[in-house]
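Down below is the structure, laid out as C-alpha cells.
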DNA sequence: TTAGGGTTAG
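Residue numbers (my numbering): 666 to 1141.
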C-alpha cells in the first residue's frame, strides 16, 4: 500500500519527459524486482486520474510480456468507462481474453454500464447473453445498471419487467434499484407511484439514505409540490438521515421557481438552527435572488447574519447587491458596500462602477459620479458607453453644460467613445436656451474631436435655431 | 477507489 501511494506521488510530480515505465523496467536489471510494480504503476496512473497514461502503461506492460491482474484491468476499465473511451475499453477487454485474464463480475458490470451509455439496447442484450454463456449470472449491480438505464430513457415498462425478473431469480433489489425506479417514475410525473414504491422499499426492510430521499424530494420540487418536499425533509431529519447540499439546493430552487424566496429563507434559517451547515452556493443563491427581487435590504440583513458564519460574498454577489441598491436609488448604502468590498481586497470592476455612477448621476450627484469615474480610470478600469452616457445626461440634467461638453470630449479623446446619444443630449440641453452662435460653435468643436452629427442632432440644432429665431434673437 | 442510484434547460 505504501508503494502504491509513493508511485501515485511520483507519477503526479514527474515531468512529462521522464519515462517512469522505462525507469521501472531498467531497475529490473540491477535489483531483486517484482513485475507487480508495473501492475501498481497502472493503478497509480488511474488513481492520479491520468487515465491516458494508465492505458499506455497497460499496453507497454503487455508488450514486455507481463500479465496484469484482473483487478488492475478493472481499475483501468473503470477509468476508461468514466471517460467514455469506448474503443479503449473494448481493447482492454480483448487483451484480457488474449492473455487469459478471466473477467469477473466487476468487469462485466462495467462493460454493461458502458453499453448502457450507448443507445443500442440490442448490443447490451447480446453482451448479456454472451456473459451468461461464459457462466456469469447477472447480479444486483447488473440489474441496477440496466434498470437505471431504462429509467433514464423513459422505458419504465422494461425497467419494471427487470425488477420482477430479479425476484424470480432470487436477486434482491437494494437501495440502488428502488432509487433508480423512483427516479424513473418521478421523471414521468408519477409522484404518487414513486412515493408508494418508497414505502414498499421501507416496508421490505431497507432504510432510505440521503440519495433515495433526495430523489423523491427532487421529484416533488420539480412538480411544484413544495409542501410535500418540506415534509419529506423533516421526515428524513427525523429518521437521522442528514440532508446534504443537494437536498438544500433542490428545495431552494423549487421555492425560487415558485417565486417563494421568503419560504426558502425561512427554511435555511430553520436548517441552521438544526445545526446543518448551509453551503456557500445556497447563500449566494439567496443573496442574488433577493437582489433581483428588488429587496436589497433583505439581502443586506441576510448578509450581516451569515457573515457571522464566515460567509464572504464574491464580486458577483457584491455587484448584485450594489446594483439592486442603486436601482432603488440608495446610493449612500451602495457606496458603503463598495468600501467594504475594498477592505476585503475585492477590487470593484466595471459593473460596480457603472451601477454607482449611473445611480449618482440619476439623483443629481453627477460631481460624485465623476470622481468615481476618475477613481475607476486610475485603478485601470476603462469606462464604457453606459458610464459616459450616465455622466453626460446627469450633467445636462443639472444644467452644467460646460462639464457635459468637456467630459464628452474627454471620453472621445481618451477612450475613443463616440456616443451620439450623449452628443445629442448635450445639443438638446444647449438648444433649450442658447443662442445660435453657441450652437454652431459647439458643432464645430465637436466635429474637431471627431463627432459626426446624425439626423437627430440636426433635429435638435434646427429646433434650437427655430427657438432662438422665434424669441427674437439675432441670427448668426 | 476493481462495478450500479439523486439537479440543469434551450
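All residues carry an ideal CB built from backbone N, CA and C; glycine is no exception.
Can you tell me whether residue 861 is buried or exposed, with buried defined as 16 or more other CB within 10 angstroms of its CB? It counts as exposed.
Closest by C-alpha distance to residue 793, when choosing among 956, 692, 777: The option with the nearest alpha carbon to residue 793 is 777.
If we ignore side chains and look at the alpha-carbon of each, how far apart do residue 941 and residue 952 end up? Rounded to the nearest whole angstrom, the CA to CA distance from residue 941 to residue 952 is 19 Å.
Helix, strand or coil for residue 775 per DSSP? Three-state DSSP puts residue 775 in a helix.
Measuring only the C-alpha atoms, how far is residue 1045 from residue 1105? Distance from the CA of residue 1045 to the CA of residue 1105, rounded to the nearest whole angstrom, comes to 36 Å.
In chain order, which alpha helix (DSSP H) runs of at least 4 residues are fully inside the segment 958-1021? Within the segment 958-1021, the complete alpha helix (DSSP H) runs of at least 4 residues are 961-972, 980-992, 996-1008.
Tell me whether residue 679 is buried or exposed, calling it buried when 16 or more other Cβ atoms sit within 10 Å of its Cβ. Here residue 679 is exposed, its C-beta having fewer than 16 other C-beta atoms within 10 Å.
Under 8 Å between the Cβ atoms of residue 1026 and residue 994? Not a contact, by the Cβ cut-off of 8 Å.
Which same chain residues end up closer than 6 Å to residue 702 when comparing Cβ atoms and leaving out the 5 residues on each side of it in sequence? Excluding residues within five positions, the ones whose Cβ falls inside 6 Å are 689.
Hey, out of 717, 1062, 812, 734, whose CA is closest to residue 745's CA? Checked all of 717, 1062, 812, 734; the closest Cα to residue 745 is 717.
C-alpha gap between residue 919 and residue 891, whole angstroms: So the alpha carbons of these two residues sit roughly 7 Å apart.
Tell me the rounded alpha-carbon separation between residue 824 and residue 816. Their backbone Cα atoms lie some 6 Å apart in a straight line.
Do you know offhand how far residue 1035's Cα is from residue 1022's? So the two alpha carbons sit approximately 7 Å from each other.
Check whether the segment 973-986 touches the segment 998-1011, taking contact to mean three or more Cβ pairs, one atom from each stretch, closer than 8 Å. Verdict: yes, contact present.
Tell me the rounded alpha-carbon separation between residue 712 and residue 736. Looking at the two C-alpha atoms, the distance is approximately 13 Å.
What's the C-alpha gap between residue 959 and residue 930? Using only the alpha carbons, I get a separation of about 15 Å.
Using 8 Å as the threshold, is the segment 766-776 in touch with the segment 805-821, meaning 3 or more CB pairs across them? Because the criterion of three Cβ pairs below 8 Å is met, the segment 766-776 and the segment 805-821 touch.
Beta-carbon proximity list for residue 720, same chain, < 6 Å, skipping 5 on both sides: Excluding positions up to five away in sequence, the list reads 753.
Rounding to the nearest angstrom, what Cα-Cα distance links residue 1140 and residue 1093 in this structure? Note that residue 1140 has pLDDT 48, beneath the 50 cutoff, so the model's placement of it is unreliable and the number below is only indicative. Answer to the nearest angstrom: the Cα atoms are 19 Å apart.
On a CA-only basis, which of 845, 900, 1078, 964 is nearest residue 818? Give me that one, please. Of the residues 845, 900, 1078, 964, the one whose Cα lies closest to the Cα of residue 818 is 845.
Exposed or buried, which one is residue 906 when buried takes at least 16 other CB atoms within 10 Å? By the 10 Å Cβ count, residue 906 comes out buried.
Short of 8 Å in beta carbon distance, which residues of its chain neighbour residue 780, apart from the five on each side in sequence? Order them along the chain. Only 788, 789, 792 meet the Cβ criterion.
Just how far apart, CA to CA, sit residue 1068 and residue 1048? Inter-residue distance for residue 1068 and residue 1048 is about 17 Å (C-alpha atoms, whole angstroms).
Short of 6 Å in beta carbon distance, which residues of its chain neighbour residue 1011, apart from the five on each side in sequence? Order them along the chain. The beta carbon of residue 1011 is closer than 6 Å to those of 980 in its chain, skipping five residues each way along the sequence.
Per-residue burial, residue 1079 [other beta carbons within 10 Å of its own, 16 or more giving buried]: Per the 10 Å Cβ criterion, exposed.
Could you check what DSSP says for residue 1140 in three-state terms: helix, strand or coil? Confidence at residue 1140 is low in this model, with a pLDDT of 48, below 50, so its placement is unreliable and no value can be given for it.
Measuring straight from C-alpha to C-alpha, what distance separates residue 833 and residue 946? Distance between the alpha carbons of residue 833 and residue 946: 46 Å.
Quick one: which unbroken alpha helix (DSSP H) runs of 4-plus residues sit fully inside the segment 695-759? Chain order, please. Whole alpha helix (DSSP H) segments, 4+ residues: 701-712, 716-728, 735-747.
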